[in-house]
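This report refers to the structure that appears directly beneath it.
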Amino acid sequence: MSIKIVIAGPRGRMGSEAIRMVIGEPDFELVSCIDRKEAGISLLAEKGIPVFQHPEEAFYGSDVDVLIDLTVAEASYNHIMMALQKKIRCVVGTTGFTAEQLADIERASRESNTGCIIAPNFAIGAILMMHFSKIAAKYLSDIEIIEKHHDNKVDAPSGTAFKTAEMIKTVRKSKRQGNQEEIEVLKGARGAVDDGIHIHSVRLPGLVAHQEVIFGGEGQLLTIKHDSMNRKSFMEGIKLSVNNVLGLEELVYGLENVLDLDS
Ligand code: NAP
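Per this note's numbering, the very first residue in the sequence shown carries number 38; after that it's consecutive.
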């Protein structure tokens with residue numbers, strides 16, 4: 038039996054890629070989409086897939102298994118809370134939730150025994166890049182992170198850079214790197230500093246999502262690098278999450294907790 042899916046944010050860059058992924062998967066069935074504007078999307082029209090402006094219309098009376106949400110935090114929060122109330126599982130790529138919103142979603146998921154996966158990064162390679170960086174940081178503690186994104190991105194550093202630093206900090210002894218007398222002649226030249234780890238953000242047209250973590254040791258350098266060349270790179274993680282969320286009864290945050298990384 039196919040997994041019945043609703044996508045929120047179908048006109049977006051991620052949402053339109055997700056439509057193509059879901060339609061192309063033999064085990065998935067796209068039953069409808071949620072879009073705040075009534076704008077025709079030719080692929081959906083061709084396939085006769087309805088687009089609703091309000092989530093209650095998409096969820097009402099239909100047999101929906103999973104909501105995939107790729108919108109903005111405020112709208113996504115409302116979509117998720119409504120879906121969980123109706124025992125519809127959620128796979129969420131939307132970023133920017135507040136701690137309070139995440140706590141509400143965690144509670145709603147647990148109380149309704151309905152699984153939910155929220156992953157700020159669905160690229161499996163990026164998750165591996167963070168995992169390998171954490172392993173390397175045990176042995177090489179002088180680290181600089183360079184993240185590069187398209188110039189429409191509003192936040193800096195990226196959530197992935199933050200998360201990488203967080204993971205590294207669990208194994209790296211806190212220290213100030215570089216020359217202890219270092220002076221920034223131009224403010225910001227050494228990037229942001231998180232517990233001594235320097236993080237540099239590059240924003241340019243032409244980039245999608247890229248990060249390298251550079252480890253320095255006596256006479257050696259190790260670079261762990263990941264590049265998302267386009268939004269297709271996130272689809273394998275979404276697919277995996279849709280299949281996994283069906284077996285969950287609570288919130289799982291982060292694709293690393295869906296992947297079996299330690300075996
Ligand atoms: P995008 O191209 O700007 O698309 C966002 C979509 O959400 C648009 O269709 C937009 O419609 C809709 N939207 C905006 N505000 C809304 C509201 N209040 N109610 C309902 N719909 C609303 O962005 P994107 O690049 O596809 O990214 C979508 C989300 O995924 C973002 O949160 C982004 O940070 C995140 N993201 C996650 C990953 C991951 O791996 N987890 C990767 C890339 C991006 P309008 O045109 O009407 O505004």
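A virtual CB, placed ideally from N, CA and C, is assigned to each residue, including glycine.
Tell me the DSSP secondary structure of Leu-288 in three-state form. strand
Can at least three beta-carbon pairs, one atom from the segment 132-139 and one from the segment 67-80, be found at a separation below 8 Å? no
Alpha-carbon to alpha-carbon, Ser-195 and Arg-50: 18 Å
With hydrogens ignored, establish whether the beta-carbon of Met-51 is closer than 7 Å to any heavy atom of the ligand NAP. Met-51 Cβ: within cutoff of the ligand NAP.
Quick one: is the Cβ of Thr-132 within less than 7 Å of any heavy atom of the ligand NAP? yes
On the three-state DSSP scale, how would you describe Ile-161? Here Ile-161 sits in helix by DSSP.
Compute the Euclidean distance between the alpha carbons of Gly-46 and Ile-78, then round it to the nearest angstrom. 11 Å
CA-CA distance, Val-230 and Met-204? Between Val-230 and Met-204, the C-alpha separation is close to 15 Å.
Would the beta-carbon of Ser-301 fall within 8 Å of that of Asp-232? With the chain covering only 38 through 300, there is no way to say anything about residue 301.
Are Lys-185 and Leu-244 close, meaning C-beta to C-beta below 8 Å? yes
From the DSSP secondary-structure annotation, give me the bridge partner or partners of Glu-181. Note: Glu-181 is bridge-paired with His-235 and Ile-251 in the DSSP secondary-structure output.
Measure the alpha-carbon distance for Ile-44 versus Ser-300 and round it to whole angstroms. 33 Å
Within 10 angstroms of its Cβ, does Gln-90 collect 16 or more other Cβ (buried), or is it exposed? exposed
Decide if Val-145 is buried, meaning its Cβ has at least 16 other Cβ atoms within 10 Å, or exposed. A small correction: the amino acid at residue 145 is Ala; Val does not occupy that position in the sequence shown. Under this definition Ala-145 is a buried residue.
Between the beta-carbon of Glu-293 and the beta-carbon of Gly-152, is there less than 8 Å? no
Is any non-hydrogen atom of the ligand NAP found closer than 7 Å to the C-beta of Val-109, if you look at the structure I gave you? Answer for Val-109: yes, Cβ within range of the ligand NAP.
Identify whether Leu-139 lies in helix, strand or coil by the three-state DSSP scheme. helix
Measure how close the beta-carbons of Ile-274 and Ala-198 come, nearest whole angstrom, since I'm counting them as under 8 Å. It should be pointed out that residue 274 corresponds to Gly in this sequence rather than to Ile. That pair is no contact at about 18 Å.
CB contact flag (Ala-140, Met-272, <8 Å): Not in contact: Ala-140 and Met-272 (Cβ atoms no closer than 8 Å).
Measure the Cβ-Cβ separation of Ala-174 and Ser-270 and say whether it is below 8 Å. no
Could you check if Met-260 is buried or exposed, using at least 16 other CB atoms within 10 Å of its CB as the buried criterion? In the sequence on display, residue 260 carries Thr and not Met. Counting Cβ neighbours within 10 Å, Thr-260 comes out exposed, since fewer than 16 surround it.
Consider the Cβ of Met-58: report whether some Cβ of chain D lies at a distance smaller than 8 Å. In the displayed structure, chain D is absent; only one protein chain is listed.
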